[in-house]
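Peer 1: One structure, as structure tokens, below. Some questions next.
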Amino acid sequence: MDSQPRTVRRLKASLGGTNLELTGDYNQRLVYQAIRAEGPVTRGALTDLTRLAKPTIAGIVRRMLDSDLVVETGRIYGGRGQPAVHLEINPAGCYAIGLRTGAEDSDAVLIDAAGTMLQHAAIPAPGEPDFASAFAAFLDDARTASHDRIIGLGVVRREPAPAAPDGDEDRDLLILSEAAPAIPIYLDSALGAATAGETLFGMGGSFKSYYYILMGINPVGGLVVNQALFKGAHPDRMRRLFPDREPAWCREAIAAARGIRPGQTPPDCSKAWLAAACDDLLPLLGSLNCMLNPGGVLMGGPFPTQWLARLAARCDDLLDERAPHIPSHAGIQPARLGSDATLVGAASLPMRARLFPIEEALLKGPDRAG
Amino acid sequence: MPGDRRPSPRNKGAVRVNPLRKMFPLPAQREQAAGDGAEAAPAPEFLKLDIDANHNQRVVFQEIRTRKRVTRNELAAVTGLTKPTIVNVSRQLLQTGLIVEAERQTRGRGQPAWVLELNPDGAYAAGLNIDRDHLTLVVLDLGGEIRGRVSAEIGFASPEQAQSFFADAWPKLATQSGIQLDRIIGLGIALPDELGTLAFPGKPAAYSAWAEADVAGLFKASFAGPTFVENDAVAAAIGEAQFGHGLEAPSFVYILISVLLGGGIVINRNYFRGENGRSGEIGFMQVECGMGATCTLQEVVSIGALSEWLKQRGIIISGPEGLKRLDAAGAAAVDQWLEVASGYLTSIFGQIRQFIDPDSIMLGGRLPEPLLDRLAALCRNRQEETDPAQRSDVRRAKLSSDAPAIGAAILPFQNLLFPSLQLLGRA
């Protein structure tokens, strides 16, 4: 029809069309997520939650039962008619692997569909010669433990990425895909992983929007709207909350977390630490509330869990006092996946991409007519 | 085709049968009966997803509108829809008169391709901006052009005054623009939050009548079609997203410099309201204003702040119009203020970038356009001096003067014709 096709570029953030197949897939994601968030739940309740038609729900649930993604867990007798059946997700229905690579070593985890950590191993950093074999060994164990029901591998790489000669950058990814040829790999930033994990397995799902602060040597933050992290105009650039310095209180908390031996209770944070952290964070929290009016502010990252809880509570108390002028004040809380946020988050990336009701699943991409 | 599948029972008994409405059924939730419009309808916890043919019509229409001239092949490529779907949907769109077909000049071999383009006269919408110092009514065509405008500088106009202003202005619009009023598909109304309740210098007691007024119902006598009420900064930002720079910069922070300072957050062309509709309160962000003191941004950057600055220098202006008629001394004082204001704004931009890093920051509002341009340029210079690697794209909003009124007029288009994920989910 067009004799000389022009190149057509899709406008940034324009919406694609949709079709029956995509909405069918999306509806399955919707139902699975409703069962995850609300389970145990009856088919009738699912109809109300998702506002899908009863036959649609029945069909989706039947397919999910057939593939062991959900299980029936009990019937309610006593009412009229057939007893209602409760549905829950089957933790053993699917599994995912998360890998967080670092400068000195890496961490790998296996989680089940409920987000429970089943295996955790420290393996060498990607540059080390043993990296490939250590990862392959971890993968073998994971395959056995999961009865080969791994749906993907989520990877969070060290930030900022080390300088690499051209083309070398993705060598570690090649090693991974060679070790696990049939498993799709999902890459994201630490913040992307932490928010994905919090949305699936933490408190994120209960907010329409929230602001997530990922603690670290350089804390970073991002807005999550409708369960998706808004990555901004420069998704590859790290946006630090304190652009010109590395606060000492961050370093201190990370060192404290590293020093904790298993089974040992960590020392409580000092008053001075709490005061220093609050002094730095409160102006940001005030501005954040003015500008974004989020439903909540969550703090996660590699600090001792107790310290994060104390810090969130203290900031929440002080905000009204220090910034009485702000029109809204969102509750500040520790994230549920506090210190494991990025690791469990990495493993939740495949779950999000393949099972969660995300926009991308609904809309057609350009040039993918079908 | 999905488009033929669903007749629209909701439109039965509509006052006027408009072919557009059959095509794009009105989502009932979005048509607000009353209220200040700042509160979004509560989002359903789970998006409902049934195949929604209207989404595809809206998506195809959006591509035709923003690309000016486009072939069906190109439409298939950018929307991901199949060729037969495109053929069907474009036929439906042609029937409504929203788009027209124009033969393209042949290039190369084969049959000349038919090009689709927007018909600016396919539909019109009206927008009313109610503010403490003026009332403005505009009518826009589908291409975003202002076809008629009536404005009155009335201080603290009561609901009754607004009503009679509208009744007078409505027929004037028809004569001014030469368009038929029954082609106007909807009315948008933009007004500040807490218009009646917020304490404000010079506010008469009677003005609190706005707190109880049924804003959407006030103008039913003149216009009975769908009416949408929205906060003024939100309307301006939505207008910018759909007709201004938002086409290239889908995520931006809009800063509305009016009597006070408001703002709006647009993420991927959707307005982000926040938890209680209080996002974009940039005017309340804190800045250091000399000698260790802090104050809110709107205390130092707003038309109110500028008037105060000039007053201290013995210059009295009556509203933003007065800024256009200043003598040399007045102009110099304004220049000084712009310099100072750009310092405050730049410090806030740093935080905006840290928090969400939008594609762009846009300055709009009732400050005259040349001043907004200079303010944007001063902010850019300051960023360049401090850290060129870390800078935001700062510019004057394309729809800056009359932005709330134009934005209000875009609300009916947005709700009735343009695609959005929210509408897809709620259909």
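These protein sequence lines map, in sequence, to chains S and R. With the first sequence counted from 1, adding 133 to any position gets you our numbering. Oh and the second sequence: position 152 is 150 in our numbering, straight run, nothing missing. All C-beta atoms, glycine included, are put in the ideal place defined by N, C-alpha and C. These figures come from a predicted structure and were not determined experimentally.
Look at Ser310/S and Leu425/S and say whether their C-beta atoms are less than 9 angstroms apart.
Peer 2: Going by C-beta atoms, Ser310/S is not nearer than 9 angstroms to Leu425/S.
Peer 1: Buried or exposed: which applies to Leu153/S, given that a residue is buried once 16 or more other Cβ atoms fall within 10 Å of its Cβ?
Peer 2: Under this definition Leu153/S is an exposed residue.
Peer 1: Just how far apart, CA to CA, sit Pro169/R and Ala406/R?
Peer 2: Answer to the nearest angstrom: the Cα atoms are 19 angstroms apart.
Peer 1: In this structure, does DSSP put Asn117/R in helix, strand or coil?
Peer 2: In this structure, Asn117/R counts as coil in the three-state DSSP scheme.
Peer 1: State the Cα-Cα distance for the pair Thr77/R and Ile354/R, rounded to the nearest angstrom.
Peer 2: About 28 angstroms.
Peer 1: Should the region 83 to 96 of chain R be called in touch with the region 113 to 133 of chain R, which here means at least 3 C-beta pairs below 8 angstroms?
Peer 2: Yes: the two stretches touch, three or more of their Cβ pairs being nearer than 8 angstroms.
Peer 1: In chain order, what residues of the region 438 to 460 of chain S put their CB closer than 8 angstroms to some CB of chain R?
Peer 2: Cβ contacts with chain R come from Ala456, His458, Ile459, Pro460.
Peer 1: Between Leu79/R, Val227/R, Gln174/R, Ala203/R, which lies nearest to Asn127/R when the distance is taken from Cα to Cα?
Peer 2: It is Val227/R.
Peer 1: Could you check if Ala160/R is buried or exposed, using at least 16 other CB atoms within 10 Å of its CB as the buried criterion?
Peer 2: Its Cβ being crowded by 16 or more others within 10 Å, Ala160/R is buried.
Peer 1: Would you grab the beta carbon distance between Gln284/R and Ser461/S for me? Rounded to a whole angstrom, and I think it's under 8 angstroms.
Peer 2: Their Cβ separation, rounded to whole angstroms, is 15 angstroms, which puts Gln284/R and Ser461/S out of contact at 8 angstroms.
Peer 1: Would you list, in sequence order, the uninterrupted alpha helix (DSSP H) runs of no fewer than 4 residues that lie entirely inside the region 182 to 236 of chain S?
Peer 2: The region 182 to 236 of chain S contains these whole alpha helix (DSSP H) runs: 187 to 199.
Peer 1: For Ser420/S, would you say it is in contact with chain R, using Cβ-to-Cβ distances shorter than 9 angstroms as the test?
Peer 2: It does: the Cβ of Ser420/S has a partner Cβ on chain R nearer than 9 angstroms.
Peer 1: Given a cut-off of 9 angstroms, decide if Gly146/R and Ala172/R are closer than it, judged by their beta-carbon atoms.
Peer 2: Closer than 9 angstroms, so yes.
Peer 1: Comparing the C-beta of Gln178/R with each C-beta of chain B, is any distance below 9 angstroms?
Peer 2: Given the protein chain composition of this structure (S and R), no chain B is represented.
Peer 1: Over the uninterrupted beta strand (DSSP E) stretch that includes Val298/R, give me the two end residues.
Peer 2: Val298/R -> not in any beta strand (DSSP E); alpha helix (DSSP H) instead, spanning 295 to 298.
Peer 1: Is Asn268/R helix, strand or coil by DSSP?
Peer 2: Asn268/R: strand per DSSP, three-state reduction.
Peer 1: Is Ser147/S a contact residue of the ligand SAM, with contact defined as CB to any heavy atom under 8 angstroms?
Peer 2: Although the ligand SAM was asked about, the structure shown includes no ligands whatsoever.
Peer 1: For Ala100/R, which of Leu135/R, Arg130/R, Ile62/R has the nearest alpha-carbon?
Peer 2: Considering only alpha carbons, the answer is Ile62/R.
Peer 1: Would you call the region 343 to 351 of chain S and the region 429 to 447 of chain S touching, i.e. three or more CB-CB distances under 8 angstroms?
Peer 2: The answer is yes - the region 429 to 447 of chain S touches the region 343 to 351 of chain S, with three or more Cβ pairs under 8 angstroms.
Peer 1: Ordered along the chain, which non-local residues of its own chain (more than five positions away) have a Cβ less than 6 angstroms from that of Gly464/S?
Peer 2: Result list for Gly464/S: Gly429, in chain order.
Peer 1: Is the shortest distance between the beta-carbon of His243/R and the beta-carbons of chain S less than 9 angstroms?
Peer 2: Answer no: the Cβ-Cβ gap between His243/R and chain S never drops below 9 angstroms.
Peer 1: Considering only C-alpha positions, which residue in the set Asn379/R, Ala124/R, Asp139/R is nearest to Phe164/R?
Peer 2: If we check each option's Cα against that of Phe164/R, Ala124/R comes out closest.
Peer 1: How would you list, in chain order, the residues of chain S whose beta-carbon sits under 8 angstroms from the beta-carbon of Thr294/R?
Peer 2: By Cβ distance, chain S contributes His458.
Peer 1: Considering Ile408/R, what are the terminal residues of the alpha helix (DSSP H) in which it resides?
Peer 2: Residues 401 to 414.
Peer 1: Could you give the DSSP three-state label for Lys46/R: helix, strand or coil?
Peer 2: With a pLDDT of only 27 at Lys46/R, under 50, the local geometry of the prediction cannot be trusted, and no value is derived from it.
Peer 1: Please list, in chain order, all residues of the same chain as Thr438/S whose beta carbon is under 6 angstroms from its beta carbon, the five residues on each side excluded.
Peer 2: These residues qualify, in order along the chain: Gly471, Ser472.
Peer 1: Specify whether the region 303 to 314 of chain R and the region 343 to 358 of chain R touch according to this definition: at least 3 beta carbon pairs, one from each stretch, less than 8 angstroms apart.
Peer 2: Verdict: no, contact absent.
Peer 1: Indicate whether Leu155/S and Ala474/S have their beta-carbon atoms separated by less than 9 angstroms.
Peer 2: For Leu155/S and Ala474/S, no; Cβs fall outside 9 angstroms.
Peer 1: Which residues of chain S have a Cβ atom closer than 9 angstroms to the Cβ of Leu79/R, listed in chain order?
Peer 2: In chain order: Gly149, Gly150, Thr151, Asn152, Lys497, Ala502.
Peer 1: Tell me where the beta strand (DSSP E) around Arg147/R begins and ends.
Peer 2: Start and end: 144 to 150.
Peer 1: Say whether chain S places a C-beta atom closer than 9 angstroms to the C-beta of Gly302/R.
Peer 2: So no, Gly302/R is outside the interface.
Peer 1: Do Pro402/R and Ala233/R have their CB atoms nearer than 9 angstroms?
Peer 2: A contact, by the Cβ cut-off of 9 angstroms.
Peer 1: At which residues does the alpha helix (DSSP H) containing Val338/R begin and terminate?
Peer 2: Segment 326 to 353, the alpha helix (DSSP H) holding Val338/R.
Peer 1: To which residues of the same chain is Ile316/S closer than 7 angstroms at the C-beta, ignoring the five residues directly before and after it?
Peer 2: The answer, listed in chain order, is Ile283, Gly285, Leu286.
Peer 1: With DSSP as the reference, identify every bridge partner of Pro467/S, one or two as the case may be.
Peer 2: DSSP output for Pro467/S lists Met432/S as bridge partner(s).
Peer 1: Could you tell me which residues DSSP pairs with Val174/S in its beta bridges?
Peer 2: Answer is Leu220/S.
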